[in-house]
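Numbering of the sequence shown is given in my numbering, commencing with residue 835 and proceeding in unit increments.
Built from N, CA and C at the ideal position, the CB exists for glycine as well.
No experiment lies behind these values; they were computed from the predicted model shown.
Read through the structure below, which is laid out as structure tokens, and then see the notes.
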Amino acid sequence: MERGNSRAPQSTRRLFTHFAAISLVPVLLFGAVLVASYRAEARRHGIADGRLEAALLAQTAVEPLLTGRPLEAGLTPEETARVRTMVDRSIRQRSVLRLRLRDLDGRVVFSDDGSGFEESTPDHEALDAARGDAATKLTRLNSDSNDIGPSGVAAVEAYRQLRAGSPAAPVGVLELYLPYAPIAKNVSTGLRNLYRDLAVGLVALYLALFLISVLLSRGLRRELTRNKHLAEYDTLTGLPNRTLFQDRARDAVKGAVRWGERVAIAIIDLDRFKEINDTLGHHNGDRLLRELADRLAAHIGPTDTVARLGGDEFGLILRGLPRPDDALARLRAVIGREVEVNGVPLSVEASAGYVVAPHDGDDVDDLLQRADVAMYVAKTEHAGVVRYDSVHDHYDAATLGLIAELRRAIVDGHLVLHYQPKFAVADGRVEAVEALVRWRHPTLGLLYPDRFLPLVEQTDLIDDLTEWVLQRALADLRDLGPAVGELAMAVNVSARNLARPDFARRVIDMLAAAGVEPSRLIIEITETALLIEPARAAVILAELAAGGVSISIDDFGRGQTSLGYLSELPVHELKIDKTFVSDMLAQPAHAAIVRSIVDLGHNLALRVVAEGVETDGVLSSLRDSGCDVAQGYLLARPVPVEDLTAWLAAERADAERLPSPVA
Ligand code: C2E
Ligand code: MG
Ligand code: MG
């Protein structure tokens, strides 16, 4: 059985390769921008170097050769000779490529190779230089219009004003071509170093980026795995939760349909878990759930799944089992094995319902709902394990949905009580009223107990419902005030309520809290409910009776209570089931049963009540039989508390008259 999922995502490596490639792009772009900017900077450096060299040559090699006469009139022969010697030497040494001297109007007056004399308009750089604005640019030899010969090597072309004489004054312009290669060599040595540093820097940056992203993504992946785990697993037991269970069930059903296999989907619900939770505390309830989860996980096959669907409900997917009911019975036994919680040995019972796909359906939602229905049937019938059958369909989805809604309805105050009086047959006095619950459903209207109680009674929700009914009924009784005298309140309780060991104490506490005498409360429990767990019920009823509460056995005659058991119960009242009462005139057998129950009750010193009295004939027959109390539509229908108050007041005012029907 797979509890966790530690498989790393397969796409991790691909993701890393992608990231490595993608993060390379900005790093390379950044490198390209830096290289371009280095190049431009190197070029600027080259030009600046050229400018400096030109200035040096002008000041140290050319200007000292001039007499100080402006060059408009050309060079003197001596000047020409001196300049020629200097230029020839420089050209030989390859420190100069070409040298021209111009007058202040830009006209060439000396050119080492004889070029430039024929230009019609002087260079604007020459004119600017004549005015003192030196110009330097990177070019190639013979690229100007006045040059002759093919375009040559890379050169720095510089124009500079020449000053000579004493005091020094502008005499002409020096036009100079310096070889760029030696300058570029200098610059590119620096550039190479820069490129190397840049490459190292970029690689380091890339690695750092990569490392950061690896660490980050590892953290993210861990977080993702954790979130995925939280979304799919139950934190208390570590089992898959409902979401993952549904996904797996869907896959299993698909597989079953495709390969012609059988897969069982089961729901196991613990019986009376709420009681354990309430008596031993939630902490111990949680420990119990963990223990049971571990047991279930250890006892299923490797391809099976056990999940916690919520509360005390587990889901199972069992594959390839010829008899899922045997497997589930074994799992129930595993759950039922004694477990010690907080030093208290406990054994927990569970009910299981299951479906077999694809036989019982191929839609997972339908299958789960049917497994749920089967589970409810298992609970109701105390059958342990039940396979879904379409005859169970009266537990339809709508009813199951209602149960889910009821929890909120109790909190939101959507339940109401109607009260039906019980009359003393002898004098027509109202000696008690019975509280009957109704649900004011926001869309379905007023719902009667038969619509929702049978299912609620199979869940722990019945505890909340009974508690609410008791509290409301006792509060209403108190509010009726002293005018109603010793009027008693009858409240119906379910078998499941009696399964709670603290039920009697809670009832007594509620009486005390409401300030109502225990003798004014009658607890009605149906005969069939008593038979579910007679020993347990007897203990609780004894505690209630000891606290002063009256006990009435409702719907008497429908079950087969042993008279021995009955005589031992602390019972005060038998309430003959209405099926015998309402048609006792038409059915002599029923009339005989009514008479027998009246006699039985009286022989056991019990009060006997007949419910379902609908006609005067039945009422007088009951009177003849010696029945003590009558209840039925003939006398009064169940009514809301306001109507009951008004009706009781009218009754008191007309105490002499026999009771007449309400509504
Ligand atoms: P019950 O305790 O035997 O209550 C008598 C039922 O018979 C009530 O139905 C009442 O309205 C109905 N009834 C009264 N007089 C007549 C009559 O003359 N003729 C006929 N045909 N019926 C009559 P209701 O209110 O629908 O309750 C049905 C059952 O639901 C109750 O049977 C009781 O077992 C259960 N119930 C009602 N309220 C509660 C509650 O608060 N808690 C629990 N645990 N069960 C409740
Ligand atoms: Mg009743
Ligand atoms: Mg009844």
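| request: Check ALA1464 in the structure and name its three-state DSSP category. | output: Along the sequence shown, read from residue 1 onward, the residue named residue 1464 stands at position 630. Three-state DSSP puts ALA1464 in a strand.
Q: Can you check DSSP and say which residues form a bridge with GLN927?
A: For the purposes of this step, residue 927 is taken as the residue at position 93 of the sequence shown. Its beta-bridge partners do not exist; DSSP assigns none.
query = ASN1056 by DSSP, collapsed to three states: which one?
reply = As a position in the sequence shown, residue 1056 is number 222, starting the count at 1. A quick correction: the sequence has Arg, not Asn, at residue 1056. Looking at ARG1056 - three-state DSSP - the assignment turns out to be helix.
Problem set entry | Simplified DSSP state of LEU1240, which is helix, strand or coil | As a first step, residue 1240 is located in the sequence shown; it is residue number 406 there, counting from the start. In this structure, LEU1240 counts as helix in the three-state DSSP scheme.
Quick check on the DSSP output: the beta strand (DSSP E) that includes GLU1351 runs from which residue to which? Working through the sequence shown from its first residue, we reach residue 1351 at position 517. It is not in any beta strand (DSSP E) - GLU1351 carries neither H nor E in the DSSP assignment.
Output the boundary residues of the beta strand (DSSP E) element that contains ALA1324.
-> As a working note, residue 1324 is residue 490 in the sequence shown. Note, ALA1324: beta strand (DSSP E), 1322–1327.
Going by beta carbon distance, what residues of the same chain come within less than 6 Å of LEU849, once the five residues before and after it are set aside? Taking the first residue of the sequence shown as position 1, residue 849 is located at position 15. Here the set comprises nothing.
**OP:** Can you list the residues near ligand 2, meaning Cβ strictly closer than 6 Å to any non-hydrogen atom, in the order they appear in the chain?
**Re:** GLU1268, ASN1326, GLU1358 and ASP1388
Look at ILE1099 and LEU1201 and say whether their C-beta atoms are less than 8 Å apart.
Counting from one through the sequence shown, the residue named residue 1099 turns up at place 265. Counting from one through the sequence shown, the residue named residue 1201 turns up at place 367. Their beta carbons are under 8 Å apart, which means ILE1099 touches LEU1201 by this criterion.
*How many angstroms separate the CA atom of GLU1239 from the CA atom of PRO1276?*
The residue labelled residue 1239 in the question sits at position 405 within the sequence shown. The residue labelled residue 1276 in the question sits at position 442 within the sequence shown. Straight-line Cα distance between these residues: approximately 11 Å.
With a threshold of 7 Å, establish whether the CB of LEU1270 neighbours any heavy atom of ligand 1.
Counting from 1 along the sequence shown, the entry for residue 1270 is found at position 436. Yes, Cβ of LEU1270 sits closer than 7 Å to a heavy atom of ligand 1.
Hey, ILE1359 and LEU1332 are a contact pair by Cβ (cut 8 Å); roughly how many whole angstroms apart? To locate residue 1359, count along the sequence shown from 1; it is residue 525. To locate residue 1332, count along the sequence shown from 1; it is residue 498. Contact flag correct, Cβ pair sits at about 7 Å.
inquiry  = Which complete alpha helix (DSSP H) runs does the segment 1105–1176 hold, if anything under 4 residues is left out?
reply    = 1107–1114, 1116–1132 and 1158–1170
Looking at ALA1439: is its Cβ nearer than 8 Å to the Cβ of VAL1428? Residue mapping note: residue 1439 aligns to position 605 of the sequence shown, counting from 1. Residue mapping note: residue 1428 aligns to position 594 of the sequence shown, counting from 1. No, the Cβ-Cβ distance between ALA1439 and VAL1428 is not below 8 Å.
* Asked: Which same chain residues, not among the five before or five after ARG837, have their C-beta less than 7 Å away from its C-beta?
  -> The residue given as residue 837 occupies position 3 in the sequence shown. Any answer about ARG837 is weak, because its pLDDT of 47 lies below 50 and its placement is not dependable; what the coordinates show is given next. Taken in chain order, the residues that qualify are GLY1072, LEU1073 and ALA1131.
- Task: May I ask whether a heavy atom of ligand 1 can be found less than 7 Å away from the beta carbon of GLY1349?
- Result: On the sequence shown, position 515 is the one that residue 1349 refers to. Outside the cutoff, so no.
**Message:** Give me, in chain order, the residues of the same chain whose beta-carbon lies closer than 7 Å to that of ILE1431; leave out the 5 immediate sequence neighbours on both sides.
**Reply:** Translated into the one-based positions of the sequence shown, residue 1431 becomes position 597. If we look at ILE1431 and ignore the five residues flanking it on each side, its Cβ neighbours are PHE1390, GLY1391, LEU1408, ILE1410 and VAL1442.
Q) Just how far apart, CA to CA, sit ASP1488 and THR1479? A) Numbered from 1 along the sequence shown, position 654 holds the residue referred to as residue 1488. Numbered from 1 along the sequence shown, position 645 holds the residue referred to as residue 1479. Taking the straight line joining both Cα atoms gives about 14 Å.
Check your understanding: Mind pulling the beta strand (DSSP E) runs of 3 or more residues that sit fully within the segment 973–1021?
Key -> 988–998 and 1003–1013
Query raised in the report: Just how far apart, CA to CA, sit ARG873 and HIS879?
Result: Residue 873 sits at position 39 when you count from the first residue of the sequence shown. Residue 879 sits at position 45 when you count from the first residue of the sequence shown. Looking at the two C-alpha atoms, the distance is approximately 10 Å.
**Message:** Considering just the uninterrupted stretch of the beta strand (DSSP E) at ASP1389, what are its terminal residues?
**Reply:** Reading the sequence shown from its first residue, position 555 is the one you call residue 1389. That run of the beta strand (DSSP E) goes 1384–1390.
Measure from the alpha carbon of ALA1363 to the alpha carbon of each residue in HIS1116, PRO1472, GLY1247 and GLN1394, then state which is nearest. Taking the sequence shown and counting its residues from 1, the one referred to as residue 1363 is at position 529. Nearest of HIS1116, PRO1472, GLY1247 and GLN1394 to ALA1363, Cα basis: GLN1394.
Exercise. Flag this pair as yes or no: are the beta carbons of VAL1087 and ARG1121 separated by less than 8 Å?
Key: Taking the first residue of the sequence shown as position 1, residue 1087 is located at position 253. Taking the first residue of the sequence shown as position 1, residue 1121 is located at position 287. The answer is no: Cβ separation not under 8 Å.
Tell me whether ASP1284, by its Cβ, gets closer than 7 Å to a heavy atom of ligand 3. Numbered from its first residue, the sequence shown carries residue 1284 at position 450. Flag unset: Cβ of ASP1284 not near ligand 3.
*Is it right to say SER1000 is buried, meaning 16 or more other beta carbons lie within 10 angstroms of its own, or is it exposed?*
As a working note, residue 1000 is residue 166 in the sequence shown. Exposed, by the Cβ-count rule.
Anticipated Cβ contact below 8 Å, ASP946 with ARG932, distance rounded: Taking the sequence shown and counting its residues from 1, the one referred to as residue 946 is at position 112. Taking the sequence shown and counting its residues from 1, the one referred to as residue 932 is at position 98. About 6 Å separates the two Cβ atoms, so the contact holds.
Which residues in the same chain as ILE1342 place their Cβ atom closer than 6 Å to its Cβ, once the five residues preceding and following it in sequence are excluded?
Reading the sequence shown from its first residue, position 508 is the one you call residue 1342. These residues qualify, in order along the chain: GLY1381.
Checklist entry - To the nearest angstrom, how far is it from the Cα of GLU1109 to the Cα of ASP1297? => result Numbered from its first residue, the sequence shown carries residue 1109 at position 275. Numbered from its first residue, the sequence shown carries residue 1297 at position 463. Taking the straight line joining both Cα atoms gives about 9 Å.
Requested in this report: Using only the heavy atoms of ligand 1, determine whether one of them is closer than 7 Å to the beta carbon of PRO1255.
Outcome: Taking the sequence shown and counting its residues from 1, one reaches residue 1255 at position 421. Not so, every heavy atom of ligand 1 lies at least 7 Å from the Cβ.
Considering ILE1431, what are the terminal residues of the alpha helix (DSSP H) in which it resides? By 1-based counting over the sequence shown, the position of residue 1431 is 597. Note, ILE1431: alpha helix (DSSP H), 1422–1437.
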